[in-house]
Structures are given as structure tokens and as C-alpha cells.
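Read the structure below first, then the notes.
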Amino acid sequence: MPQTKPESELVSLQRANEELRALNQSLRSAQDQLLQSERLASIGQLAAGVAHEINNPIGYVFSNFGTLEAYLERLFEMLDAYEQAEPALTDSAIADRLAALRERVELDYLKQDIPMLMGESKEGLSRVRKIIQDLKDFSRVDTHQEWVWASLHQGIDSTLNIVANEIKYRADVKREYGALPDIECLPSELNQVFLNLLVNAAHAIGPQRGLIVVRSGDAGDKVWVEVEDDGCGIAPEHLARIFDPFFTTKPVGRGTGLGLSLAYGIVQKHHGRIEVRSEPGRGSCFRVTLPVRRPGAEGAAT
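Per UniProt numbering, residue 1 is the first one in the sequence shown, and the count goes up by one each step.
Structure follows, in C-alpha cells:
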């Protein structure tokens, strides 16, 4: 029986209403992703500012430390000269007092321990300086989002240092780097992709200590990076949805469901692709493939 005109209009209105709801949901998801991206940019700017502020005092402490080492070397040289002159002392009372003082202050031990303490402290300062530099590299936010030629390996290494505390208690990290050319990209955004993949890999590791392998390779006009873990894996029914906004298999309060979605968007922006292979109980492997040169870069707006 054919529909009457009012019924036909009602069906059309219902269909239009459903389409409008779907569009509204898509817009809401896009807005949430933009807000999250804005938050990440703000955090990046804050981290870069903090790193810069810390770098200044570390710089002059490091400089003063070098001067202190030089002063100690000269003092030890003078001390050696005094020690060599001790046997020539004719006053036995002074000689005895010096011998007692040497024993009380444990001079021989101090001469061995002070250089060791200085070396360990200098190594610690060097590590702090490296962490600060990695934080600055990782969180670099280009005001105009300029595309530059950059090393993926440098970005991955900086990111690994930033997330070291998240990984070191869960898994060992093995680097299997191939020879890669620099690529034209937005380095800070790709660092965010690597961070999300590495943190996800760490969270997938069970109670037993696991292994995360980071590989890279050259494929002509493209390069690829893989992050593989031996964790819990992803159920087949979830594989098709892992890049959807707000989809997460993590417990409530632990994941926002935006990490992989943001990573997917960044890789798409770079005209690349991100793929995953996984088997429950045997781990997952995410591969990011990127062009060496940005397609249509000549005359393109940044």
C-alpha cells in the first residue's frame, strides 16, 4: 500500500533527523579532537618553557663544576708537594701532628673518593642536560607549523627518553634501526605519534617484564617505523575500531580513547598510513609508513 504524503514527509524528516544526529556526533568528535590537540600544543609550549628555564641554571652549574674540578686538581697537586716534603721535617712534634691529622681526616681515602664523587656528579648533570634537550626537542611547537626536514631516529630517541619512566619498569626496549634519510614533516607531531604508540605498548605488557622493539626501514620514496610489543594483543573484533575516537579497551579512568585516533590523524596529515597486526596473547605491531617528501609541497600552504 503506497505511503500517503504526510507519512512520506514523516519518513523523510526521520531520515534527515538521523543524518543530522550522525553529523552532530561527528562534529562533536572533531571538536573534542581539536580541543585535545590544542591541549597537547599548550602542554608542549609549557614543557619547552620549563626546559628552557631549567637549562639556564644547569648551564652555569655545569660551568662552575668544570672550574671546581680544575681548582681541585691544583689543590691536589699542592697537597702532593706537601706530602713529599713531610720526610724533610726536623720537628718530630709537627711530623707527628701531621700524621695524626692525615689519619683522622682519612686523607688517602679522600684523595680517591673526591674524584669519583666529582665524576658521578658530572655524569648526573650531563644526564639532566640530555633530558632537558630531549624535552625541548620533543615538545617543540612551531608557531607556523612549518614543515622541515628532520631525522625520525632523533625524534624516536628523544621520545624514548621522555617516556622512559613509563616503560623502564615494564619492558626492555630494543632498537633495530635501518638507514633512514631525513623526511619532510612536522617533527613535534610525529613525536606525539611515537609517544602514543610507545605508551600503548608499555600498557599492553602484562605482569611479567616484556619487550618493546622499535624498527625502522627505507622503502624507496617512503620510510617506515614499527613499534612492536609482546603484550596482551588486541581482540579481532576490536581491530577495526582501534583508531575510532574515544574507543578504548583500557579500564575506566586510564585511557581517553584519543591517543590512536590522534596518531591516525597526524599520519594522515603527513600523507602516510598506520597499520596494525595483532594476536591476542602474543602482542601487537603498529607500522607507520611516511613519504620522504611531502606530496604537493611546492606552493602548498603550511
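Where a beta carbon is used, it is the ideal one built from N, C-alpha and C, also for glycine.
Quick one: residues in its chain with C-beta nearer than 8 Å to the C-beta of R282, no 5 flanking neighbours on either side, listed in chain order?
Counting from one through the sequence shown, the residue named residue 282 turns up at place 282. So the qualifying residues of the chain are D230, G233.
Find out if the Cβ-Cβ distance for the pair D182, I162 is shorter than 7 Å.
Working through the sequence shown from its first residue, we reach residue 182 at position 182. Working through the sequence shown from its first residue, we reach residue 162 at position 162. No, the Cβ-Cβ distance between D182 and I162 is not below 7 Å.
Residues in its own chain within less than 7 Å of V288 by CB, not counting five upstream and five downstream?
As a working mapping, residue 288 is identified with position 288 in the sequence shown. The beta carbon of V288 sits closer than 7 Å to those of V193, W224, V225, V267, G272, I274, all from its chain and outside the five residues before and after it, given in chain order.
Suppose you measure from the CA of E106 to the CA of I131; what does that come to, to the nearest Å?
Your numbering for residue 106 matches position 106 in the sequence shown. Your numbering for residue 131 matches position 131 in the sequence shown. Approximately 37 Å, taken between the alpha carbons.
Contact belief for H270 with S216 at Cβ below 8 Å, rounded distance in angstroms:
Position 270 of the sequence shown holds residue 270. Position 216 of the sequence shown holds residue 216. Between S216 and H270 the Cβ distance is about 15 Å, and since that is not below 8 Å, they are no contact.
Quick one, are the C-beta atoms of R294 and E176 less than 7 Å apart?
In the sequence shown, the residue the question calls residue 294 occupies position 294. In the sequence shown, the residue the question calls residue 176 occupies position 176. No, the pair does not count as a contact, with Cβ atoms beyond the cut-off.
Provide the residue(s) that pair with R175 in DSSP beta bridges, ordered along the chain.
Sequence index remark: in the sequence shown, residue 175 carries index 175 (1-based). Partner(s): V214.
Report the rounded CA-to-CA distance for S121 versus Y169, giving the unit in angstroms.
Sequence index remark: in the sequence shown, residue 121 carries index 121 (1-based). Sequence index remark: in the sequence shown, residue 169 carries index 169 (1-based). In a straight line, the C-alpha of S121 is about 24 Å away from that of Y169.
Can you tell me which of V11, P291, R15 puts its alpha carbon nearest to the alpha carbon of K222?
Mapped onto the sequence shown, residue 222 falls at position 222. Looking at the Cα atoms, P291 is the closest of the given residues.
V214 and E166 closer than 7 Å at C-beta
As a first step, residue 214 must be located in the sequence shown, where it is residue number 214. As a first step, residue 166 must be located in the sequence shown, where it is residue number 166. Against a cut-off of 7 Å, the Cβ pair of E166 and V214 comes out as no contact.
So, for D142: in the same chain, excluding its five sequence neighbours on each side, which residues have a beta-carbon less than 6 Å away from its beta-carbon?
Translated into positions along the sequence shown, residue 142 becomes position 142. Note that D142 scores a pLDDT of 44, beneath 50, so its modelled location is shaky; the value from the coordinates is reported in the next line. Scanning its chain for C-beta atoms nearer than 6 Å, with the 5 sequence neighbours on each side dropped, one finds no residue around D142.
Same chain only: Cβ atoms within 8 Å of Y264, ignoring 5 sequence neighbours per side
Counting from one through the sequence shown, the residue named residue 264 turns up at place 264. Contacts found: F243, I274.
What is the rounded straight-line gap between the Cα of T90 and the Cα of N56?
The residue you call residue 90 lines up with position 90 of the sequence shown. The residue you call residue 56 lines up with position 56 of the sequence shown. Just so you know, the alpha carbons of T90 and N56 end up roughly 53 Å apart.
Is E83 closer than 7 Å to M118 when the C-beta atoms are compared?
As a working mapping, residue 118 is identified with position 118 in the sequence shown. As a working mapping, residue 83 is identified with position 83 in the sequence shown. For the pair M118 and E83, the CB atoms are not nearer than the 7 Å cut-off.
Using the three-state DSSP reduction, which class does I274 fall into: helix, strand or coil?
On the sequence shown, position 274 is the one that residue 274 refers to. Correct three-state label for I274: strand.
In this structure, what does DSSP give as the bridge partners for F287?
Taking the first residue of the sequence shown as position 1, residue 287 is located at position 287. Note on residue identity: the sequence assigns Arg, not Phe, to residue 287. The partner list for R287 (beta bridge, DSSP) reads E226, E275.
Taking the alpha-carbon positions, what's the P87 to Q112 distance?
The sequence position of residue 87 within the sequence shown is 87, counting from 1. The sequence position of residue 112 within the sequence shown is 112, counting from 1. When rounded, the distance between both Cα atoms is 22 Å.
Looking only at its own chain, which residues have a Cβ that is under 8 Å from the Cβ of V252, when we skip the five neighbours before and after it?
As a working mapping, residue 252 is identified with position 252 in the sequence shown. Caution applies to V252, whose pLDDT of 44 falls short of 50 and renders its modelled position unreliable; the value that the coordinates give is listed next. Once the five neighbours on either side are set aside, V252 has no close Cβ partner at all.
Using a Cβ-Cβ cut-off of 8 Å (strictly less than) and excluding sequence neighbours within five positions of L23, which residues of its own chain qualify?
The residue labelled residue 23 in the question sits at position 23 within the sequence shown. Closer than 8 Å at the Cβ level, and outside the excluded window around L23, lies no residue.
What residues in its chain sit with their C-beta under 8 Å from that of residue 351, if we drop five residues either side in the sequence?
Missing from the structure shown is residue 351; the chain here goes from 1 to 302 and no further.
Would you call G206 buried or exposed, if buried means 16 or more other Cβ atoms sit within 10 Å of its Cβ?
For this step, residue 206 is matched to residue 206 along the sequence shown. Label assigned to G206: exposed.
Hey, would you say V227 sits closer than 7 Å to L197, going by beta carbons?
For the purposes of this step, residue 227 is taken as the residue at position 227 of the sequence shown. For the purposes of this step, residue 197 is taken as the residue at position 197 of the sequence shown. Yes.
The beta strand (DSSP E) spanning I183 covers which residue range?
On the sequence shown, residue 183 is found 183 positions in, with the first residue counted as 1. Its beta strand (DSSP E) spans residues 183-185.
Tell me which same chain residues have a C-beta within less than 7 Å of the C-beta of A85, skipping the five on either side of it?
Position 85 of the sequence shown holds residue 85. Cβ neighbours of A85 beyond the five flanking positions: none.
Report all residues from its chain with a CB closer than 8 Å to the CB of S278; omit the five preceding and five following residues, and keep chain order.
Position 278 of the sequence shown holds residue 278. Same-chain partners within the cutoff: G233, I234, L239, S284, C285.
Taking 7 Å as the threshold (C-beta atoms), are L211 and T159 in contact?
The sequence position of residue 159 within the sequence shown is 159, counting from 1. The sequence position of residue 211 within the sequence shown is 211, counting from 1. No, these two residues do not count as a Cβ contact at 7 Å.
If I'm right that A164 touches R209 with Cβ under 8 Å, what's the distance once you round it to whole angstroms?
Residue 164 sits at position 164 when you count from the first residue of the sequence shown. Residue 209 sits at position 209 when you count from the first residue of the sequence shown. About 15 Å separates the two Cβ atoms, so there is no contact after all.
Compute the Euclidean distance between the alpha carbons of L190 and G155, then round it to the nearest angstrom.
Numbered from 1 along the sequence shown, position 190 holds the residue referred to as residue 190. Numbered from 1 along the sequence shown, position 155 holds the residue referred to as residue 155. Between L190 and G155, the C-alpha separation is close to 8 Å.
Extract the residue ranges of the beta strand (DSSP E) inside the segment 68-100, only unbroken runs of 3 or more that lie entirely within it.
Here no run is fully enclosed.
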